[in-house]
Amino acid sequence: MLLLIALAHAHIYLSVRSAGFRGYSKDGDTVDRFVAGAQVLLVDGRALPLFAALFGYGLAHLAQRQTDAGRDWPQVRKLLRRRSLWLFAFGLCHVLLLFFGDILGAYGLIGLMFVGFIRRSDRALLWAAVVGLVLHVAVLFPLGLVTVTFERTMSPTAMAEPIEALVSRLTVWSMMTPTYLVVSVLPTFFLGIWAARRRLLDHPGLHRALLTRAATLGVGTAVAGGLPLTLIDTQLWSPSDMISVTANTVHSLTGVAGGVGYAALFALLADRTTGHPGPIAKALAACGQWSLTCYLLQSVLFVAIFTPYLGGLGTKVGDAAASGIAVIVWLATVLLAASQAPRGRRGPAESLLRRLTYGKAK
């Protein structure tokens with residue numbers, strides 16, 4: 001699943017003169033446009049809701065484990081908020097040092113604000129998801145208007161001066177996190193809590209019919225809803241600005257369904273390897289256990305490879321090459337996690353977050 005994140009982020013490090021809604025260059029060759037089209041259709045705006053669903057699912061599970069251990073709700077809530085606060089701090093450090101498109105801060109923020117929904121009714125969770133969708137449209141449509149109205153500014157990842165890039169990263173992230181990023185993750189965060197109550201991802205074999213429907217409808221909706229923007233961003237269709245902004249909003253809105261669909265699809269695929277995982281499945285599982293470390297390591301490698309003040313490849317390659325590099329970076333993190341799995345070691349970031357959350361006793 002972290003491959004989706006790598007693919008969604010790599011092209012953001014490129015220096016481009018003119019870009020579409022999702023940041024892909026309008027000056028790329030045929031291969032670049034093909035890769036950009038595939039990612040707009042299948043990756044962009046789909047990975048973020050996927051991980052938000054998993055975050056909600058995991059938070060609900062953590063709360064249940066603490067309750068089973070004998071802690072009352074105020075104690076559990078305090079623990080979850082402390083974990084969310086530290087996750088937000090991780091995100092802030094990520095931005096200061098590496099990447100303005102950090103998602104950890106958004107997850108930490110919604111954990112701080114909405115942890116109480118873990119104890120709310122199913123009806124309340126589903127209504128909260130609906131409200132989240134409405135907020136999603138309310139934020140995304142104006143942002144789309146800004147995109148087509150104002151000239152694109154230089155991305156922080158393309159700045160040659162490190163201090164200038166740092167200030168720009170912090171400024172952009174501070175605006176994106178409480179608006180675009182939060183509303184992008186809210187709906188599937190609530191749905192993740194709802195799914196955790198039914199343990200849908202813990203025992204996918206027991207819920208195969210439901211997960212199959214969710215995967216089919218979710219991914220199908222995302223593909224159908226993403227097609228108009230795919231045609232626009234690959235310059236196969238040049239509609240009016242209002243239609244383009246609407247297509248961008250629909251793309252993002254149906255990405256919520258795509259995130260749910262991908263979560264269901266990956267659960268079904270994982271269930272097929274239960275009891276007899278091969279080396280590939282074991283390596284991917286290890287990467288999942290090191291997900292926070294691998295996510296941050298992706299940014300470390302992308303900065304080293306692409307930024308003008310280090311590797312400088314961001315000024316020399318196109319979208320297709322960037323995606324190829326993303327796959328290589330992802331594979332490197334998988335191999336690293338897999339190499340540590342036999343030793344039973346947690347990732348450094350996971351270990352630090354756990355220690356900050358629970359204290360030295362844990």
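Per UniProt numbering, residue 1 is the first one in the sequence shown, and the count goes up by one each step. Using N, Cα and C, we set each Cβ at its ideal position, and we do this for glycine too.
Alpha carbon to alpha carbon, what distance is there between residue j and residue i?
i	j	result
Ala304	Leu310	6 Å
Leu96	Gly111	21 Å
Pro342	Lys282	10 Å
Ala215	Ile243	28 Å
Ala158	Gly116	40 Å
Ile325	Met1	16 Å
Ala6	Leu206	32 Å
Leu125	Ala60	12 Å
Phe190	Gln235	36 Å
Phe90	Leu104	7 Å
Ser18	Leu143	17 Å
Gly220	Leu41	11 Å
Gly20	Gly37	11 Å
Leu4	Ser323	10 Å
What three-state label does DSSP hand residue i in the structure shown?
i	result
Ser25	strand
Ala38	helix
Ala69	coil
Lys362	With a pLDDT of 44 at Lys362, under the threshold of 50, the predicted position of this residue should be treated as unreliable, though the coordinate-derived value follows. Residue state, collapsed to three classes: coil.
Ala160	coil
Applying the 10 Å Cβ sphere with the 16-neighbour rule, what's the burial state of residue i?
i	result
Asp319	buried
Ala361	Here the model assigns Ala361 a pLDDT of 45, short of 50, so the residue's position is not dependable and the matter cannot be decided.
Pro32	Correcting the residue type first, residue 32 is Asp in the shown sequence and not Pro. So Asp32 counts as buried.
Met176	buried
Ile163	exposed
Tyr262	buried
Asp44	buried
Asp29	exposed
residue 399	Since the displayed the chain opens at 1 and closes at 362, residue 399 lies outside it and no answer follows.
Measuring CA to CA, which of the options is closest to residue i?
i	options	result
Ala196	Ile328, Trp173 and Gly58	Gly58
Leu268	Leu301, Leu200, Thr221 and Leu145	Leu200
Leu231	Ala247, Ala257, Gln75 and Ala332	Ala247
Phe155	Gly132, Ile280, Phe100 and Leu133	Here residue 155 turns out to be Ser, not Phe, going by the sequence shown. Closest option to Ser155, Cα to Cα, is Phe100.
Phe55	Arg83, Val76 and Pro74	Arg83
Leu210	Val260, Val223, Pro228 and Ser238	Val260
Pro348	Cys294, Arg81, Val223 and Leu80	Cys294
Thr171	Gly359, Asp102 and Ala160	Asp102
At least one CB of chain C closer than 8 Å to the CB of residue i: is that the case?
i	result
Gly116	This model lacks chain C altogether; it includes just one protein chain.
Length-filtered (4 minimum) alpha helix (DSSP H) runs lying within the segment 189-242: 208-233
Alpha helix (DSSP H) segments (min. 4 residues) lying fully within the segment 253-298: 279-289
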